[in-house]
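Our numbering applies: residue 7 is where the sequence shown begins, and numbers increase by one. Virtual Cβ for every residue (Gly too), placed ideally from N, Cα, C.
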Amino acid sequence: MLHQMGDPLGTARNGRTWEDTIEHLYFNQLGQSTKAQIEEHSQKERLNLRDIGALKPFEKNVSDDLIRVFFRVWYPQCPIFDRATFQLKYEAGRVSPLVLQAVYFLALSVCNEAIYKRAGFENRYLATFTCYQRAKALYDTNYESDAIGTLQAVYLLSFWWGSPMEQKDMWHWTGVASALAQSLGLHQRKTYVGLSEMNRRLLRRIWWTIYAHDISVALMLGRTPHINDAYCSVEMLGEDDFETDDGLINVDLFGKPTRESQLFNIYIAELCSRKASNCWLSISGADVNKSESLNTLDSLTNWKASLPKELQQQEASISEENGFWASLINLTYFTMRILLDRNGFNDPDRLKIGTVVFDAAVQIVRILEDIVTSQLLPFALGRSPPAAFAALSVQIANMRGCPSHVVDVSKHRARLCMFIIKRLQDHSPPLLWYYRLFVRLLRSMDCEIPGEESQETSAQFARHDQRLHSLPLLTDNVLDNNRFEEDFPPGSGANHSANDQLSGDPAFIDFGLPGTAGSFMYSSFLNSDLFDGASTDIGSHI
C-alpha cells in the first residue's frame, strides 16, 4: 500500500492519506526549533504559490473555455481522466490546482487569441509559460498528495518545450511521468487486481498513454526509452477500457470522444509497444542485427495493413469528425518509418526516390496538406512538428545528386513543410529557431522560402557571423539568450525584428560546444549526414 503514496485510488478515511499520517508521526518527533523552521519554510512556499497565482483558477468564463478546448483538442489523444469524475470535481471547485494549471497550460497552447487575452496575457507564449511555471511550482513544493493527480499533471507538462536547450523539457517530464507510473505499478498486471472497473480502465488508459508517449519521444530524440518492455505485463488497451457516456456528462464542456479517437489510442499503443519499440531495440540496442532489424521493420508494414477501416488512410477531404484520426495515426506511422529506416542503416541511398523513407515523406506532406486545408492543424500540434521535420529532412536529401525534376518537386515539398513549421511557431516557440536555421540551409541549396528576405539582405547578417561555415555541427549549439521576443506584439518592448534577433542569437554563433546535441528536440532530424555538403557553402549563399 505504501508504494501508492498519497492514496491515489481514494481509499483513505477521514481525508487522511498515508503520506499525511507518516509525515505527522515523523514531524512529532522533531524538536520545537526544527518544527518552527520547517513550518516557516512551508509558509513561504504557500505564500509564493499564492503570489504567482498557482492556487487560483481563472475567471469562470475563461476557465470554462479552456476546459472546453482541452477536452475537445487534447483529451481524445490523451484520455488520462475520467470525465465524469473530473466534471464533479470541477463543478465543486475541487480539481487539484496542479492538475488544473497543467490542463490550462495545454489548452492555452492551442486556444484562439481571444481566450488567452481574456485570461490576461498579451501573447500565447506568456500564457503557456505562466501556467507551466505555476504547475511546476506546485509540483516542486509537493503540493499535491494524490499520486495519480501528480502523474496526470506531469504527463501534461511533458508537452512543454520552452527553448531548445532547456533541461526540464519534454524528455525530462516524460521521464518523471514514466518513473512515477512504474513506481505505482501501472506496468504490472497484478496492480489492477481488485480495483473497481472505473479505476482499472482509467489506470490502464493512463499507462498506455504514457508508454506510447515515451516511445515516441525516445524515437524523436534518438534516445533509450525510460520504460523497459521486459518488466511490463499489463494487458493491451482495448475498447472496453474507454468510458461509456452515461448521459450525465456535460458534453459541451467535457466533450464526447468518438470511437475513431478511441481506436486511435488503442492502435497507437499497439504500434509503440509491439512494433516501434522492438524496431528501435533491434536498431539501436547493444546487439544490432541487420537481418532482425529488417524483419522488425517489415512488421511495421504489416501493422499498417491491419488497421481497421476507420483508421485507413482516405482520399476524401477530412474533418474533425471524419478522417482526422486516420490521418493522425498514419502521420505518426510515416514519421516513425522515416526515423527508424533512416537512422537504422548506413545505406547512402536510403532516402532517395523509390525507397520506403522517400515514400513516407511524400505521404507526410500529403497528410499535412490535408490537415492544413481542413483547418485542423492545432488538433495535430503534438504530432505535426516531428512529421514536418522528418519529411523536410528527406526533401533536403533529395536536392542533391538527383534528376532536376526530383529536385524541383523536393523543393516544392520542402516549402510546404516550412509553411507548416512557420504556422506552428506561435504554438511552439522554439520552432522559430529551427525555422530560421532551415531558411538559411535551404537558401544555400537554391530553395527560397516565400516571404523571407532576399539573399542580398541576408548577406549582411552572414558578415556578422563567419562561423556559419560550421553548420555541420549545428546540433552542438546553445540557445540561451531570449524568451522569444518576436512573439511579442509591436510596442511591448521587443523592438527588434526576426532578422535582428537571429543575427545576434548565440544559437547561430557559438558552434562546437560538445555534449549538447542530444539536448535538442528533433535532434535526430538535425544530427545527420543529410546536411553534410549542403551546409558548407551556406556562408557564400546568405
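So what does DSSP say about residue i, is it helix, strand or coil?
i, result
"SER498", "Caution applies to SER498, whose pLDDT of 38 falls short of 50 and renders its modelled position unreliable; the model cannot decide the point."
"SER549", "Nothing in the structure corresponds to residue 549, since the chain is present only between 7 and 548."
"ILE344", "helix"
"THR379", "helix"
"LYS196", "helix"
"ALA513", "Since pLDDT at ALA513 reaches only 42, below the 50 mark, its modelled position is unreliable, and no value is offered."
"GLY191", "coil"
"VAL240", "coil"
"CYS117", "coil"
"GLY457", "coil"
"GLY272", "Residue identity check: residue 272 is Ile in the sequence provided, not Gly. DSSP places ILE272 in helix when its eight states are reduced to three."
"ALA60", "coil"
"LEU474", "With a pLDDT of 33 at LEU474, under the threshold of 50, the predicted position of this residue should be treated as unreliable, and no value is reported."
"LYS262", "coil"
"ASP452", "coil"
"CYS278", "helix"
"TYR339", "helix"
"LEU374", "helix"
"THR307", "helix"
"THR361", "coil"
"TYR161", "helix"
"GLY168", "coil"
"ARG421", "helix"
"HIS433", "coil"
"GLN318", "coil"
"ASP235", "helix"
"GLU245", "helix"
"ILE427", "helix"
"SER546", "Below a pLDDT of 50, predicted positions are generally treated as unreliable, and SER546, at 45, falls in that range; no measurement from the model is reported."
"VAL415", "helix"
"GLN35", "coil"
"SER102", "coil"
"GLY407", "coil"
What residues match up with residue i in a beta bridge as DSSP calls it?
i, result
"SER325", "GLY329"
Which word fits residue i, buried or exposed, when buried means at least 16 other C-beta atoms lie within 10 angstroms of its C-beta?
i, result
"PRO456", "exposed"
"THR250", "exposed"
"ASN271", "buried"
"ARG406", "exposed"
"HIS47", "exposed"
"ASN284", "buried"
"GLU321", "exposed"
"PHE444", "buried"
"GLU45", "exposed"
"LYS174", "exposed"
"GLN107", "buried"
"GLU316", "buried"
"TYR217", "buried"
"GLU237", "The sequence shown places Tyr at residue 237, not Glu. Exposed."
"SER202", "exposed"
"PRO392", "buried"
"LEU53", "exposed"
"LEU31", "exposed"
"GLN93", "buried"
Over what stretch of residues does the alpha helix (DSSP H) that includes residue i continue unbroken?
i, result
"ASP220", "203 to 227"
"PHE92", "89 to 97"
"GLU45", "38 to 57"
"PRO391", "390 to 403"
"TYR145", "130 to 146"
"ALA125", "Note, ALA125: premise wrong, no alpha helix (DSSP H); not H, not E."
"ASN67", "66 to 75"
Report yes if the C-beta of residue i is less than 7 Å from at least one heavy atom of the ligand ATP; otherwise report no.
i, result
"ALA393", "With respect to small molecules bound, the structure shown includes none, and the ligand ATP cannot be examined in it."
Hey, is residue i's beta-carbon within less than 8 Å of any beta-carbon in chain D?
i, result
"LEU72", "In summary, chain D is missing from the structure at hand, where a single protein chain is found."
| request: Take every Cβ of the segment 250 to 269, pair it with every Cβ of the segment 78 to 86, and state whether three or more of those distances are shorter than 8 Å. | output: yes
| said: For the segment 337 to 347 against the segment 386 to 397, do three or more pairs of beta-carbon atoms, one drawn from each stretch, fall closer than 8 Å, so that the two count as touching? | reply: yes
| field | Segment contact, 8 Å Cβ cut-off, at least three pairs: the segment 159 to 179 with the segment 134 to 141 | value | yes
| request: Take every Cβ of the segment 123 to 130, pair it with every Cβ of the segment 176 to 183, and state whether three or more of those distances are shorter than 8 Å. | output: no
| query | Between the segment 235 to 249 and the segment 113 to 120, are three or more C-beta pairs nearer than 8 Å? | reply | no
| task | Report yes or no: do the segment 356 to 367 and the segment 193 to 200 share at least 3 C-beta pairs separated by less than 8 Å? | result | no
| Taking three-plus beta-carbon pairs below 8 Å as touching, is the segment 400 to 415 in contact with the segment 431 to 443? | no
| Are the segment 145 to 157 and the segment 407 to 419 touching by the rule of at least three beta carbon pairs closer than 8 Å? | no
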